[in-house]
Each structure stands twice: as C-alpha cells, then as structure tokens.
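Student:
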Amino acid sequence: TRSWSSLGDNTRQRHNRVQESLRVYGKIIVEDDTVRLLEAVLEPGDRVCIEGDNQKHAQVLARALLMLNRAKIHDLHILQSILSLPESLDIFTYGIARKLDVTYAGDMGKRLAEMVISGEVELGAIHTFPELYSRYFLDLTPRVALIAANAADNAGNLFTGPNTEDTPTIVEATKFKQGIVIAQVNEIKNSIPRIDIPGDWVDYIIPTDDPYY
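Using the working numbering, you'd call the opening residue of the sequence shown number 5 and step up by one each time.
#1: Do you know whose CA, among Tyr98, Lys181, Asp200 and Ala153, lies nearest Gln188's CA?
#2: If I'm right that Ile33 touches Tyr216 with Cβ under 8 Å, what's the distance once you round it to whole angstroms?
#3: Would you decide whether Arg6 is buried or exposed? Buried here means 16 or more other CB atoms lie within 10 Å of its CB.
#4: Quick check on Ile161: buried or exposed, where buried means 16 or more other Cβ atoms within 10 Å of its Cβ?
#5: Please report the straight-line C-alpha distance between Thr178 and Asp37, rounded to a whole angstrom.
#6: Starting from the C-beta of Lys171, find all residues in its chain whose C-beta is less than 6 Å away, skip the five residues before and the five after it, and write them out in chain order.
#7: Could you give the distance in angstroms between the alpha-carbon of Ile174 and the alpha-carbon of Ser122?
#8: Three or more beta-carbon pairs under 8 Å between the segment 95-105 and the segment 125-138, yes or no?
#9: With a threshold of 8 Å on Cβ separation, who are the neighbours of Glu35 within its own chain once the five nearest residues in sequence on each side are excluded?
#10: Assuming the contact rule is C-beta atoms closer than 8 Å, Cys53 and Ala149 should be a hit. Round their C-beta distance to whole Å, please.
#11: Could you work out which residue in Val28, Met71, Val185 and Ala62 is closest to Val39 when comparing CA atoms only?
#12: Check whether the Cβ atoms of His78 and Gly99 sit closer than 8 Å, and answer yes or no.
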C-alpha cells in the first residue's frame with residue numbers, strides 16, 4: 005500500500021529514536037549527548053547541511069560527526085557554503101560523508117582538490133552562493149540541518165547574532181520539508197535580544213562550552 009506520509013513518518017521515527025536513546029522529551033540536549041543524538045537522528049545517505057559561512061561555523065556539531073559509528077552512519081551528502089575547518093573534510097576521510105556541495109574552500113581548496121582526485125570526495129558541484137541557497141528549496145533540501153546561534157531562550161527561539169547570515173534560509177528550507185534542525189548555542193537565556201529563528205522550527209538545542217567558530 006502506498007503511503008502519502010512516508011517523509012513525515014520517517015521524521016517521527018527519528019524523533020522516537022532520540023527519545024529511546026537519550027530518554028529526553030524536550031529540546032535541550034547536554035553537550036555530552038551530541039554524538040548519541042546525531043546517531044539517533046541521522047540515517048545513511050542523508051543530505052546534511054552544516055552551517056559554515058562568513059559569520060559562524062557549527063564546529064561542535066561538525067566535530068561530533070567524526071565520532072559517529074561508521075557502521076551506522078555513512079555516505080552522508082554534505083551541504084556547506086564555506087569550508088574553513090579541517091573537520092569539514094575529515095568526515096570524508098573517516099567515511100562518514102561521501103558527497104559534497106560547496107561554494108568556497110579557501111585555504112582548504114588544495115586539500116579538497118586532492119581528495120576529489122583521489123576519490124575520497126564525490127563533488128556534487130561548486131556553486132555560487134545564491135545558487136546553493138536557492139537549491140535548498142528545490143533539489144538539495146537538507147534532511148538534517150546543523151546550525152549555530154548566539155543564544156536560545158527557554159521556548160527554543162534562537163538569536164543568531166548581529167548578522168543572521170544564512171541561518172534562516174537553511175532552517176526554513178529544512179523545516180518546510182519536514183527535516184530536522186539541530187542548533188549549537190553559546191548560551192541559554194531567559195530572554196534574547198531578537199527572535200531570528202522561531203522555536204517551532206528548531207528540534208534540538210545543544211548549549212556548548214566552546215562558542216561557535
């Protein structure tokens with residue numbers, strides 16, 4: 005029998021795995037459980053957007069990907085606008101990720117080229133910024149988005165900082181196709197200066213000791 009709700013059903017299954025694995029029923033996840041959270045949420049072959057742009061990088065979440073069980077999570081398709089940190093390519097060396105869509109690699113460009121030539125990285129495309137972000141709403145919609153923010157309030161609303169950069173675009177594209185959004189935040193406060201991302205669009209929040217890069 006054909007199901008017309010397969011995507012939503014799969015999303016609920018992922019949330020159920022989080023509850024079974026972590027025994028939590030809210031949005032706040034302690035940093036020590038980051039790896040367990042990702043292993044519960046992710047599935048092999050998922051399209052995953054890691055926030056990495058001119059303003060901020062979700063480096064705690066990116067580093068957690070390196071510690072995943074490769075027997076469980078592998079062949080991820082990574083979407084990342086700017087590669088700035090070694091971890092962004094280490095996940096390919098470790099076999100966690102397989103395919104990459106990117107706009108700019110900077111100092112990581114030489115290593116990326118070598119990994120493409122050696123076959124460690126399957127390159128989807130090198131995009132312009134507008135192309136990549138527009139395709140998040142078309143054929144490159146993230147199944148899971150790993151983002152960064154300055155602060156969250158108790159309702160899960162996010163303040164992304166003086167410049168919101170690309171975070172709202174990533175989150176909106178992900179959530180409107182029933183994807184899952186995980187945010188690392190520098191702190192949780194009773195009130196935040198401005199709501200850049202509403203709490204309804206954020207599934208899990210991880211306060212980190214290490215502020216986003």
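Just so it is clear, CB atoms sit at the ideal spot from N, CA and C, and this is done for glycine as well. The structure displayed is predicted, hence computed values, not measured ones.
Tutor: The answer reads as follows:
#1: Ala153
#2: Not confirmed; about 16 Å, so no contact.
#3: exposed
#4: A quick correction: the sequence has Asn, not Ile, at residue 161. Classification for Asn161: buried.
#5: 23 Å
#6: For the record, residue 171 in the displayed sequence is Thr; it is not Lys. Counting only Cβ-Cβ distances below 6 Å, and skipping sequence neighbours, we find Ile151 and Thr164.
#7: 30 Å
#8: yes
#9: Val64, Ile210, Pro211, Thr212 and Asp213
#10: 5 Å
#11: Met71
#12: yes
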